[in-house]
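Right, one structure below, let's go through it.
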Amino acid sequence: MVQRRRRLARGVAVIGAGISHFGAFKEKDSRDLFVEAFQSALETVQKGIDPREIEAIYVGNLSSDCFEGQAHVAPLMAEWGGLNPKPATRTEDACASSGVALREGIIAVASGLYDIVLASGVESMNKLTTARTTDTLAAAADAIYEVSVGATFPSLYAQIATAHMAKYGTTEEQLMKVAIKNHNNGALNPKAHFNSSIRDIMNSRLARAKERGQPIPSWTDEMEFLKDPSANPIVAWPMKLFDCSPITDGAACAIMVAEDVARNFTDEPIHVLGTGQASDAQALHGRNDITSLRASKLAAEQAYEMAGVTPEDIQLAEVHDCFTIAEVVAIEDLGFFKPGEGPKAAEEGRTARDGERPVNTSGGLKAKGHPVGATGVGQLVEVWEQMSGHAGQRQVAGVNLALTHNVGASGSSVVVHIFERR
Amino acid sequence: MVHMEKQEFTAASFFGFLEQKKLMGAKCKKCGTLYLPPRPLCGECLGYGMEWFQFSGRGKLVSYSVVRVGTTLYEEKGYSRDNPYCWGLIQLDEGPRISALLLGADLSRPDSITIGQPLEVVFPKKREEEGERTPVTFRFE
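These protein sequence lines are chains C and L, in that order.
FYI, in the working numbering the residues of the first sequence are 103 to 524.
FYI, in the working numbering the residues of the second sequence are 203 to 343.
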């Protein structure tokens, strides 16, 4: 087969991006979350934009069908955003749904068909019982051969964890450090589902116990809190509650335009430098190695090659930490650290906000929240805020090259994007 | 009795065999690649010619998890936070991997389970409820 360097037929840039508040909002539906994110994105366009200039809309969504009894969400989001009769297309690749919506939007603009599109994602997940929510998410695994033996998403990533632990000696404590880091970042993100550090959560539990005259737990730091099964119960060993991202409602929007019209909207567009996407066996048992996601490596390879950069060049990354182990595997697969060295890197603070390579400054899926269909575009929103200097207290200085990494299910879909501020 | 040569390489056939206490996969007639579960198209050589292949049902543990928050189906089977279940990945002696419900481990001590431990398939005693699939089940030796 002939290998050639893949590139976009013309340049594409981001001119505005925003998320809704992420959290548990039983009183809100997808459309409400979408409108909030859309307004938030429009407000970030430096020179303003008439929403009617948007020519097409892409909506990432895993399963509003099951979560809300609502199929066919793309035209509905377009309607609520005042964007009818523009073409509206839904993309579904599990938790990578809006990473794929973003990529499809980029491809559409690069093709020359449109100059201005909206890439978005939405998920409203808090209307079902925990078991029904677990079922709906599990449907993104192999429904016949994995779900029948009891697979749930925490237990799928637990497989990856036990294999990683056996191969590299990764420990539960090292994974806890990932949760602590991401909560520390989420504490600085006013739109995060968990706008609080694990220490804040621990202190509020201590205060509550004292207030109610209950026995006061003996935790003196986050690690003691996380090691206490009454505070951090097992969901699917070795994944405990604080290893898992929450069940989140939220939406995210990004306005993507052809580079040659970008300056009409802003003097500081963020350029799409690389995009990559790959698939793999749906079931974990269909892969030869589960200590790494092959689709992550391939998607990253494509994105790095298109961008003409190496992992060492990336200054900030938003990676798919649906579970703590997923972040560890991601930073290895993306080439930031060698295989097996991800846990140590997290432990040593190398991926902290003030570390050599900040990962998940938004709080990640772990603390910012994981409204599955909105996550991919949500990651771009963090990159946008960091690059445009609007990341508030979690601002990292001088970010010119950043990466987003969005995984569908247990790694059967992965999308990677690289963005540049010039 | 299912007639093997007439069976299509589908999940329905796979679970039908399981009820007959046979762990059946497919073998590509062209390149010899084994598939468990079976499938009609070879992902390696893209050939369509498959034949049935009976696995020994012996293998080693690749990974596992002890689940305390299960799906609705598993809650209905009686599993709960206080009555967890274990599933994992097994590498069969013949090569392919399969996901299975795992029996015979001390679930109160999940770290007592060791990757690489040998396992053997066990077949269901009774049929599942209508519309339910018999879970592939292995037991620690």
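Glycine residues also receive a C-beta, built at the ideal position from the N, C-alpha and C atoms.
| Item | Value |
| --- | --- |
| Residue of 518/C, 457/C, 498/C minimising C-alpha distance to residue 479/C | 518/C |
| Residues from the stretch 375 to 401 of chain C in contact with chain L, defined by Cβ distance under 7 angstroms | 385, 386, 387, 392 |
| As assigned by DSSP and simplified to three states, the class of residue 251/C | helix |
| Contact set between the stretch 254 to 277 of chain L and chain C, restricted to residues whose Cβ is under 7 angstroms from the partner | 264, 265, 266, 267, 268, 269, 270, 271, 272, 273, 274, 276, 277 |
| Cutoff 9 angstroms: residue 258/C Cβ touching any chain L Cβ | yes |
| Below-9 angstroms beta-carbon distance, residue 114/C vs any chain L residue | no |
| Identity of the residue in 260/C, 254/C, 182/C nearest residue 312/L by Cα | 260/C |
| Test item: CB-CB of residue 356/C and residue 416/C under 9 angstroms | no |
| Closest by C-alpha distance to residue 301/C, when choosing among 314/C, 324/C, 319/C, 310/C | 324/C |
| Whole-angstrom distance between residue 377/C and residue 205/C, CA atom to CA atom | 7 angstroms |
| Same chain, Cβ closer than 7 angstroms to residue 481/C, neighbours up to 5 away in sequence not counted | 420, 506, 508 |
| Which residues DSSP lists as bridging residue 262/L, in chain order | 293/L, 320/L |
| CB-CB length for residue 266/C against residue 273/C, believed under 8 angstroms | Residue 266/C to residue 273/C, Cβ: 10 angstroms. No contact. |
| Close Cβ partners of residue 321/C (< 6 angstroms) along its chain, the five nearest in sequence each way excluded | 304, 327 |
| Exposure label - residue 337/L; buried when at least 16 CB within 10 Å | buried |
| Interface positions of the stretch 121 to 139 of chain C facing chain L (Cβ-Cβ less than 9 angstroms), listed along the chain | none |
| Helix, strand or coil at residue 435/C according to DSSP, with G and I counted as helix | helix |
| Short CB-CB distance (under 9 angstroms) between residue 339/C and chain L | yes |
| Chain-ordered neighbours of residue 234/L on chain C, where CB pairs are closer than 8 angstroms | Those do not exist, as residue 234/L stays about 17 angstroms from chain C at its closest Cβ, beyond 8 angstroms. |
| C-beta neighbour in chain C for residue 283/L, strict 9 angstroms | yes |
| C-beta atoms of residue 418/C and residue 459/C nearer than 9 angstroms | yes |
| Between the CA atoms of residue 213/C and residue 110/C - distance to the nearest angstrom | 8 angstroms |
| Distance cut-off 8 angstroms: residue 276/C Cβ against heavy atoms of the ligand FMN | For the structure depicted, the ligand FMN is absent and the ligand set is empty, with no information on it obtainable. |
| Residue 335/L versus 217/L, 273/L, 260/L, residue with shortest Cα-Cα distance | 217/L |
| Cβ-based contacts, 9 angstroms cut-off: residues of the stretch 244 to 257 of chain C near chain L | 244, 246, 247, 248, 249, 250, 251, 252, 253, 254, 256, 257 |
| Cβ-based burial, residue 252/C [other Cβ within 10 Å; buried from 16] | buried |
| Where the beta strand (DSSP E) containing residue 339/C begins and where it ends | 336 to 339 |
| CB contact below 9 angstroms: residue 301/C versus chain L | no |
| Pairwise C-alpha distance: residue 492/C and residue 523/C | 14 angstroms |
| Residue span of the alpha helix (DSSP H) that contains residue 286/C, given as start and end | 274 to 288 |
| Nearest candidate by alpha-carbon position, reference residue 434/C, set 310/C, 397/C, 411/C | 397/C |
| Reference residue 117/C; option with closest CA among 138/C, 144/C, 130/C | 144/C |
| Bridge-paired residues (DSSP) for residue 288/L | 268/L |
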